[in-house]
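Take a look at the structure set out below.
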Amino acid sequence: MISQKRLLRAEPSFRFLAKLWRISWLYVLLICVLAGVGYGALYSADGGSAKPFAGPQSLRFGFGLVLMLGVAMLSPRVLVRLAWPLYGLSLLLLAAVLHMGHVGKGAERWLIIGGMQVQPSEFAKIALALVLAAWFHRAGHKRMGNPLFLIPPAILVLLPVGLVLKEPNLGTAVIIGAVGASIFLAAGMRLWQIAILIAPVPFLAKFAYGHLHDYQKARITTFLHPESDPLGAGYNIIQSKIALGSGGMWGQGYLHGTQGQLNFLPEKQTDFIFTMIAEEWGLVGGLTVMGLLLLIIMGGMLMSMRCRHQFGRLLGLGISMNFFLYCVVNLSMVMGAIPVGGVPLPLISYGGSAMLTVMFGFGLLLSVYVHRDASFGENEGNA
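Next up, the structure:
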């Protein structure tokens with residue numbers, strides 16, 4: 017029997033088959049199962065109909081699945097060459113949002129391209145993970161100890177964070193910053209460097225609060241005292257907690273959730289989709305979905321660690337961390353643990369930009385795993 021490594025060195029058609037063989041199909045199955053959960057939840061949010069949410073979302077997932085498998089075939093060398101152009105494109109799109117963006121809920125966050133709404137901040141997370149992985153791929157132990165070497169990647173993080181804050185979109189800006197910080201740490205950042213970065217955080221937080229928009233300050237006030245305005249700013253989180261509690265252990269039954277089906281639950285197809293699942297399927301259903309999300313996160317981390325080259329390890333970690341933060345922020349938000357921020361639950365919430373960027377990210381993660389044994393020298397990742 018021909019080994020996988022020999023196939024990878026063979027003719028292009030055989031190399032393609034070898035790459036298909038090396039894809040983690042169990043991981044692909046987990047992604048498909050999660051998307052199936054999303055379809056079922058959106059079908060319920062539609063009141064037992066495939067329109068207007070479930071049907072279009074399933075088509076997007078089908079396109080995203082093809083995109084994911086196509087990206088998984090790309091080699092690390094190709095991804096490194098694409099890193100800087102994609103990062104530059106993401107900055108251009110973020111800048112375009114500030115000048116011609118579509119306004120929604122007090123912020124400019126979308127561009128209308130070809131009749132479709134595109135949210136560039138979602139794409140910026142993936143582009144940032146790519147370009148930081150390419151930069152740190154050539155970093156040795158001594159270089160990581162040089163503060164000057166860390167200035168350019170720090171600027172790479174601050175540029176998209178600043179543009180997203182201008183939209184304004186505080187939740188996504190925090191996620192972008194956290195993805196960048198996780199890659200810095202994984203690349204070998206020193207403890208004293210971390211301490212220097214963390215020290216000014218309390219002062220920056222106080223400064224940032226003074227420059228928040230009124231609706232953002234209202235979200236923080238509502239988070240602390242939701243009962244102070246039960247029919248206004250506090251309505252969303254109060255209804256979410258009612259729905260979570262009414263689900264009990266086993267739930268009220270599929271298509272029978274009172275808060276969701278009677279439209280008391282706000283944004284049930286996007287931000288609060290998990291609340292609807294927990295109401296209909298109860299604590300058991302909610303924990304099952306959380307377990308599925310955890311399997312995907314842990315699977316991504318394990319695939320990243322199996323990669324021999326630094327670029328793949330850092331890129332896989334960045335993609336996995338992005339997915340992890342999506343989940344943590346959304347679930348914490350609907351449970352009232354953090355202020356409501358408008359972050360979707362990946363592959364479950366309705367939305368085109370988030371769906372396609374998450375699938376593109378999974379494609380990069382699978383590419384890292386497919387090419388985990390590739391000979392990819394540290395000097396080939398020149399930033």
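Each position in the sequence shown, counted from 1, maps to that position plus 16 in my numbering. For every residue, glycine included, the Cβ atom is placed at its ideal position computed from N, Cα and C.
Tell me which same chain residues have a C-beta within less than 7 Å of the C-beta of residue i, skipping the five on either side of it?
i	result
R76	G368, M371 and L372
K182	L114
R388	R322, C323, R324 and G328
Could you say which of the options lies nearest to residue i if we only look at CA atoms?
i	options	result
G267	E295, S256, K284 and Q275	E295
V82	P72, M205 and V44	V44
Y385	V53, M84 and G71	M84
M265	R93, A145 and T304	T304
V134	R154, S106 and A34	S106
F165	V356, Q209 and L90	Q209
F152	A197, L127 and S60	A197
L281	I258, V359 and L271	I258
V87	N346, M292, S336 and L36	L36
M321	M375, L310, L308 and S336	S336
So what's residue i in DSSP terms, helix, strand or just coil?
i	result
W126	strand
C343	helix
A203	coil
W297	helix
W151	helix
L186	helix
R362	One detail in the question is off: residue 362 reads as Pro in this sequence, not Arg. Of the three classes helix, strand and coil, the one that applies to P362 here is coil, per DSSP.
N252	helix
V386	helix
P282	coil
V53	helix
C323	coil
V356	coil
H115	helix
In whole angstroms, what separates the C-alpha of residue i from that of residue j?
i	j	result
L148	G269	46 Å
P101	L110	14 Å
A353	N185	19 Å
Q255	F288	10 Å
L95	G263	45 Å
L179	C48	33 Å
R361	F290	Before going on, a small fix: residue 361 reads as Leu here, not Arg. Distance between the alpha carbons of L361 and F290 is about 8 Å.
L201	P92	21 Å
L174	Q277	42 Å
L311	L108	35 Å
M319	A203	17 Å
Bridge partners for residue i per DSSP, in chain order?
i	result
V134	L127
Under 8 Å between C-beta atoms, does residue i make it to chain D?
i	result
H387	The structure shown contains no chain D; it is built from a single protein chain.
Short of 6 Å in beta carbon distance, which residues of its chain neighbour residue i, apart from the five on each side in sequence? Order them along the chain.
i	result
V143	According to the sequence shown, residue 143 is Ala rather than Val. Closer than 6 Å at the Cβ level, and outside the excluded window around A143, lie L102, Y103 and S106.
R159	F165
G334	A145, V195 and I199
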